[in-house]
Ligand SMILES: Nc1ncnc2c1ncn2[C@@H]1O[C@H](COP(=O)(O)OP(=O)(O)OP(=O)(O)O)[C@@H](O)[C@H]1O
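Numbering (the UniProt record's numbering), first residue to last: 1 to 359.
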């Protein structure tokens, strides 16, 4: 039986569509290194735009089926790889940080909605999926990242730049490493601006796919500084479902829009309580407010995360839930939200990078 050509394999793969990018994987230039063996074995790689791709398994399965159906094919070997694209540096705009492909702000309109919890767990979820991730604690007045990561160490320099502290596979800097746990931070706007600039430009950040920035709650100075210092890929807004929180989140989204920071989407934290014994779900704060806000403002809804005691206790002892209980319903909800964030970043990267034509 005759063997298919590389062109025929590629043609067959054109039926496989990336649902987020709305194009087929061949014209997206995802298919690499097609090798057709004399025995009819076809091997190739599919290079996705993030290791956290939510539809990775689906794309692999569809690609397998499409190629296996060709005459002469006896086996199909697919290697799934990824290369995160940068959507930070748009021509004519500010530069992203050197070596940092994407900067993602995690913000909230209100304090106490779980913004830091989401920032830490989203960062870890992306890292656990194979990305290189940094976490910048820009919540200068209430720096809780060190507590939630369970790390307390003085920041040091390599002679020129601040060396970020590595914990659980993340690289991080925080005011909490400078001030003591209970020292108040009393600074004026220009000083905040200076600290943020230092944390961005005077830190020896390693090469990163994603730098997650834990923003202070509310609308204000730090978001403005961030947008002035660097090209921000986008912002994730964390809300709880009740009306007062949603109203503040609406203001936060509008602020990011005013600053030309794209809104990647809304996460509804503390969406409901899932009883660990009987599994009954109670809508403590009126589930759905975050989703309705996303629909109203025409931004993606990235997921609903329930309330659960292990989230709080894990945060208190520096062992975030995606690490301590990866099968917990909350960890799964956060993992799914992290995949949606990565997908939104990829979508933005494709809006700013011209596609390579495929011959
Ligand atoms: N889904 C959840 N289930 C249970 N507890 C949660 C959940 N999300 C957050 N928490 C807890 O709520 C408290 C506040 O969370 P966190 O510090 O992340 O909020 P925040 O919005 O960053 O607050 P702020 O910026 O005002 O300091 C923490 O004790 C945290 O462990």
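Glycine is no exception: its CB is placed at the ideal position from the N, C-alpha and C atoms.
Since we're looking at a predicted model, the values are computed, not measured.
Residue i versus residue j - alpha carbon distance
i: residue 221; j: residue 242; result: 26 Å
i: residue 258; j: residue 83; result: 31 Å
i: residue 2; j: residue 64; result: 19 Å
i: residue 261; j: residue 23; result: 25 Å
i: residue 132; j: residue 33; result: 25 Å
i: residue 173; j: residue 203; result: 8 Å
i: residue 138; j: residue 215; result: 5 Å
i: residue 280; j: residue 30; result: 43 Å
i: residue 144; j: residue 117; result: 9 Å
i: residue 283; j: residue 240; result: 11 Å
i: residue 162; j: residue 343; result: 31 Å
i: residue 148; j: residue 286; result: 27 Å
i: residue 79; j: residue 46; result: 6 Å
i: residue 250; j: residue 87; result: 25 Å
i: residue 196; j: residue 160; result: 17 Å
i: residue 247; j: residue 277; result: 34 Å
i: residue 299; j: residue 325; result: 30 Å
C-beta atoms of residue i and residue j nearer than 7 Å
i: residue 102; j: residue 233; result: yes
i: residue 124; j: residue 320; result: yes
i: residue 119; j: residue 106; result: yes
i: residue 108; j: residue 70; result: no
i: residue 171; j: residue 112; result: no
i: residue 297; j: residue 253; result: yes
i: residue 304; j: residue 271; result: yes
i: residue 361; j: residue 169; result: It is not possible to answer for residue 361, since the shown part of the chain is limited to 1 through 359.
i: residue 67; j: residue 26; result: no
i: residue 345; j: residue 334; result: no
i: residue 394; j: residue 19; result: This structure leaves residue 394 out entirely; the chain is present only between 1 and 359.
i: residue 177; j: residue 155; result: yes
Per-residue DSSP class, three states only, for residue i
i: residue 33; result: strand
i: residue 226; result: helix
i: residue 215; result: coil
i: residue 178; result: coil
i: residue 234; result: strand
i: residue 249; result: helix
i: residue 319; result: coil
i: residue 360; result: What the structure shows of the chain is the stretch from 1 to 359, and residue 360 is not part of that stretch, so it cannot be assessed.
i: residue 203; result: strand
i: residue 325; result: coil
i: residue 108; result: strand
i: residue 86; result: coil
i: residue 2; result: coil
i: residue 126; result: helix
Residue(s) in a DSSP beta bridge with residue i
i: residue 269; result: 305
i: residue 171; result: 134 and 166
i: residue 117; result: The partner list for residue 117 (beta bridge, DSSP) is empty, contrary to what the question assumes.
i: residue 243; result: According to DSSP, residue 243 bridges with nothing at all.
i: residue 103; result: 211
i: residue 274; result: 281
i: residue 79; result: 45
i: residue 156; result: 163
Item to complete: Tell me the start and end of each unbroken beta strand (DSSP E) in the UniProt domain "MIP18 family-like" (7–77) that is at least 3 residues and wholly inside, in chain order.
Response: 31–36 and 41–48
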